[in-house]
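Number of protein chains: 2
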Amino acid sequence: MATPPSLSIAVLLFPDHQNLDAVGTMDYLNSHSQAYLANFPTVQHLVPKAPILTWYFVSDTLDPITATSGPKQLPTHTYATCPPVDCILVPGIDPFLPLSEGCTEFLKKDPKVILLTVCTGSLVIAQTGVLDGHNVASNKWALKLMVDAGKLNKAVHWVGDARWVRDGRVWSAAGVTAGIDLAAEFARSYFDLEVVEFVKVISEEVVNPDRPDPYAYVLEGVDLGAGK
Amino acid sequence: MATPPSLSIAVLLFPDHQNLDAVGTMDYLNSHSQAYLANFPTVQHLVPKAPILTWYFVSDTLDPITATSGPKQLPTHTYATCPPVDCILVPGIDPFLPLSEGCTEFLKKDPKVILLTVCTGSLVIAQTGVLDGHNVASNKWALKLMVDAGKLNKAVHWVGDARWVRDGRVWSAAGVTAGIDLAAEFARSYFDLEVVEFVKVISEEVVNPDRPDPYAYVLEGVDLGAGK
Numbered sequence: 001m002a003t004p005p006s007l008s009i010a011v012l013l014f015p016d017h018q019n020l021d022a023v024g025t026m027d028y029l030n031s032h033s034q035a036y037l038a039n040f041p042t043v044q045h046l047v048p049k050a051p052i053l054t055w056y057f058v059s060d061t062l063d064p065i066t067a068t069s070g071p072k073q074l075p076t077h078t079y080a081t082c083p084p085v086d087c088i089l090v091p092g093i094d095p096f097l098p099l100s101e102g103c104t105e106f107l108k109k110d111p112k113v114i115l116l117t118v119c120t121g122s123l124v125i126a127q128t129g130v131l132d133g134h135n136v137a138s139n140k141w142a143l144k145l146m147v148d149a150g151k152l153n154k155a156v157h158w159v160g161d162a163r164w165v166r167d168g169r170v171w172s173a174a175g176v177t178a179g180i181d182l183a184a185e186f187a188r189s190y191f192d193l194e195v196v197e198f199v200k201v202i203s204e205e206v207v208n209p210d211r212p213d214p215y216a217y218v219l220e221g222v223d224l225g226a227g228k
Numbered sequence: 001m002a003t004p005p006s007l008s009i010a011v012l013l014f015p016d017h018q019n020l021d022a023v024g025t026m027d028y029l030n031s032h033s034q035a036y037l038a039n040f041p042t043v044q045h046l047v048p049k050a051p052i053l054t055w056y057f058v059s060d061t062l063d064p065i066t067a068t069s070g071p072k073q074l075p076t077h078t079y080a081t082c083p084p085v086d087c088i089l090v091p092g093i094d095p096f097l098p099l100s101e102g103c104t105e106f107l108k109k110d111p112k113v114i115l116l117t118v119c120t121g122s123l124v125i126a127q128t129g130v131l132d133g134h135n136v137a138s139n140k141w142a143l144k145l146m147v148d149a150g151k152l153n154k155a156v157h158w159v160g161d162a163r164w165v166r167d168g169r170v171w172s173a174a175g176v177t178a179g180i181d182l183a184a185e186f187a188r189s190y191f192d193l194e195v196v197e198f199v200k201v202i203s204e205e206v207v208n209p210d211r212p213d214p215y216a217y218v219l220e221g222v223d224l225g226a227g228k
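For the protein sequence lines, the chains are A and B, in the order given.
The first sequence: position 173 = 173 (UniProt numbering), numbered continuously.
The second sequence: position 83 = 83 (UniProt numbering), numbered continuously.
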């Protein structure tokens, strides 16, 4: 990746997706971008060190979609028309819902793309096999629900005691608000640390580590298969 | 307020508003609603205890707006057409920008409306006088910038050492991510506590208290006027 990195990121706009899953992660990452920092006259020295982020908003069609809350949102691309990207950000929906064929193909097209999942986003895309063999976090309450229903894909190594997990190209957060902590870790890994520190201050983010995870108790005694 | 409470909330969709300011607060509150919890078959006993939340998305016109990140969003009402509401949620924009006349009138129309501000939202609406005499939090980095520029409305009692503040009808959060903690405190104050606890678990929210505020240092030695 170039320094400063240039990243294109597709945000999957599922109907009824959890709005904060997408926006917590997306907006926190975006606050590190050159385009965002250009609006702050007193820190112009940070702009050349900041990443260039290009966002695409992708859905099955270009029809307006509604998330769990908020106004209707307009996709910019369909799964068929979205250009190749470096990263895909997957917010959560009801994990029992099937993925569309277009979305499945989009997720499987490039085996090197960086996947960022938040909350049940990982449970949903686990249907496609793209997470098989990876250590992955998810919403703990939903993980338990999937185990109870006998619907969990146990080829994924589900991690029940972490707020976020990175395993190769797969970056996964636990429930909803953990997506911001995932974004903070992603930023620490890829972006200039002076930029990262400034964004933490202006966002007044209280960064949570991956462990200890205060919600690990939800999965105590639950059989996640190969997970740990 | 009835039990379970029924609340109508207008979210101000300023062009270029910080997306996470609005969505952190809005989506976290919305996860307590009857409409949201109705999607969780195993906790149907919580639905009758949950609040009924009605959301309006309000801007100067009905033209699509873009926030700091994310796709275009479609307002449902203009300031002129929005029905009376119980609460107004104000995300942050550049605090040096003037508010439109329509927005100013909307904010001043009902002196009993509950105001929720996040980040620079409080600095922006302080122009109208609606916060005068109240204890109010804001983005600390931006507060310092306003002081340095001699532009701070010192009729407001700015609070420099709290992550969020409630003073009567005014609920204010400090920078961006503090809006989720403000929503959590609002929920604890108005909603059924069993519902509040469930939402905390499914959102895996690590709730931050108002004090000690890890970013209070940003305003040490800065003259906020009557604030504390």
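Beta carbons are placed, not taken as given, at the ideal position from N, Cα and C, and that holds for glycine.
Review point. What's the call for Asn-39 (chain A), buried or exposed, on a 16-neighbour Cβ count within 10 Å?
Key: exposed
Next on the checklist: Tell me the rounded alpha-carbon separation between Trp-164 (chain A) and Leu-74 (chain A).
Outcome noted: 29 Å
| request: Work out the CA separation of Lys-49 (chain B) and Thr-76 (chain A) for me, nearest whole Å. | output: 39 Å
Count the other C-beta atoms from every protein chain shown that fall within 10 angstroms of the C-beta of residue 231 (chain A), then say buried if there are 16 or more, exposed otherwise. Coverage of chain A is limited to positions 1 through 228, which leaves residue 231 (chain A) absent and any answer about it impossible.
Should Tyr-36 (chain B) be labelled buried (16 or more other beta-carbon atoms within 10 Å of its own) or exposed?
buried
### Message
If you reduce the DSSP assignment to three classes, tell me which class Cys-119 (chain B) lands in.
### Response
coil
In this structure, how does DSSP classify His-77 (chain A) when only helix, strand and coil are distinguished? strand
TODO: Would you mind telling me which residues of chain A sit closer than 7 Å to Ser-138 (chain B), beta carbon to beta carbon, in chain order?
DONE: Correct list: empty, because the minimum Cβ distance to chain A is about 10 Å.
At which residues does the alpha helix (DSSP H) containing Leu-89 (chain B) begin and terminate?
It is not in any alpha helix (DSSP H) - Leu-89 (chain B) instead sits in the beta strand (DSSP E) that spans 87-90.
- Could you check if Gln-44 (chain A) is buried or exposed, using at least 16 other CB atoms within 10 Å of its CB as the buried criterion? exposed
Can you list, in chain order, the residues of its chain with a C-beta nearer than 7 Å to that of Asp-132 (chain A)? Leave out the 5 residues immediately preceding and following it. Ala-155 and Val-156
request  = Grab me the residues of Tyr-28 (chain B)'s own chain with a C-beta within less than 6 Å of its C-beta, minus the 5 sequence neighbours each way, in chain order.
outcome  = Ile-180 and Ala-183
Exercise for the section: Please state whether DSSP places Pro-209 (chain A) in a helix, a strand or coil. Expected result: coil
**Prompt:** Candidates B:Thr-177, B:Ile-52, B:Pro-95 and B:Lys-108: which alpha carbon is nearest Ser-8 (chain B)'s?
**Reply:** B:Ile-52
Discussion item. At the level of alpha carbons, what is the spacing between Leu-13 (chain A) and Arg-166 (chain B)?
Written reply: 34 Å
Subject >> Where Ile-125 (chain B) meets chain A, residues with beta-carbon distance less than 8 Å >> reply: Neighbours of Ile-125 (chain B) on chain A: none; closest Cβ ~19 Å, over 8 Å.
Which partner residues of Thr-54 (chain B) appear in the DSSP bridge assignment? B:Ser-8
message = Distance cutoff 7 Å, beta carbons only. Does Gln-73 (chain B) sit that close to anything in chain A?
response = yes
By a C-beta neighbour count over all protein chains shown, 10 Å radius and 16 as the cutoff for buried, is Ala-22 (chain A) buried or exposed?
buried
> Where does Asn-19 (chain A) sit, in a helix, a strand or coil, going by DSSP?
Replying inline: helix
* Asked: Between which two residues does the beta strand (DSSP E) carrying Ser-172 (chain A) extend?
  -> 170-173
My output table needs one value for His-134 (chain A): the three-state DSSP class, helix, strand or coil. coil
Please confirm whether Lys-228 (chain B) has its beta-carbon closer than 7 Å to some beta-carbon of chain A. Confidence at Lys-228 (chain B) is low in this model, with a pLDDT of 48, below 50, so the placement of that residue should be treated as unreliable; the coordinate-derived value is given next. Not one chain A Cβ lies under 7 Å of Lys-228 (chain B).
| Is there a Cβ from chain A that is less than 7 Å from the Cβ of Ala-178 (chain B)? | yes
Quick check on this structure: which residue in B:Asp-94, B:Pro-5, B:Val-113 and B:Val-47 has the alpha carbon closest to the alpha carbon of Gln-127 (chain B)? B:Asp-94
Along chain E, which residues have their Cβ under 8 Å away from the Cβ of Ala-174 (chain B)? Going by chain labels, chain E is absent from the structure shown, which instead holds the protein chains A and B.
Count the other CB atoms within 10 Å of the CB of Leu-219 (chain A); is the residue buried (16 or more) or exposed (fewer)?
buried
To the nearest angstrom, report how far apart Phe-96 (chain B) and Val-147 (chain A) are at their CA atoms. 52 Å
Q. Quick one: what does DSSP say Arg-163 (chain A) is sitting in, helix, strand or coil?
A. coil
Practice item. Using the Cα positions of Asn-208 (chain A) and Ala-178 (chain A), report the straight-line distance between them to the nearest angstrom. Key: 8 Å
Does any residue of chain B bring its CB to less than 7 Å from the CB of Ser-8 (chain A)? no
- Task: For Lys-140 (chain B), name the three-state secondary structure that DSSP assigns.
- Result: helix
**Message:** Can you list, in chain order, the residues of its chain with a C-beta nearer than 6 Å to that of Leu-152 (chain B)? Leave out the 5 residues immediately preceding and following it.
**Reply:** Met-146
Environment of Leu-116 (chain A) [buried if 16+ CB atoms lie within 10 Å]: buried
message: Output needed for Trp-55 (chain A): all residues of its chain with C-beta closer than 6 Å, excluding positions within five of it in sequence on either side, in chain order.
response: Ile-9
- Item | For Gly-92 (chain A) and Asp-60 (chain A), the rounded distance between their alpha carbons | 16 Å
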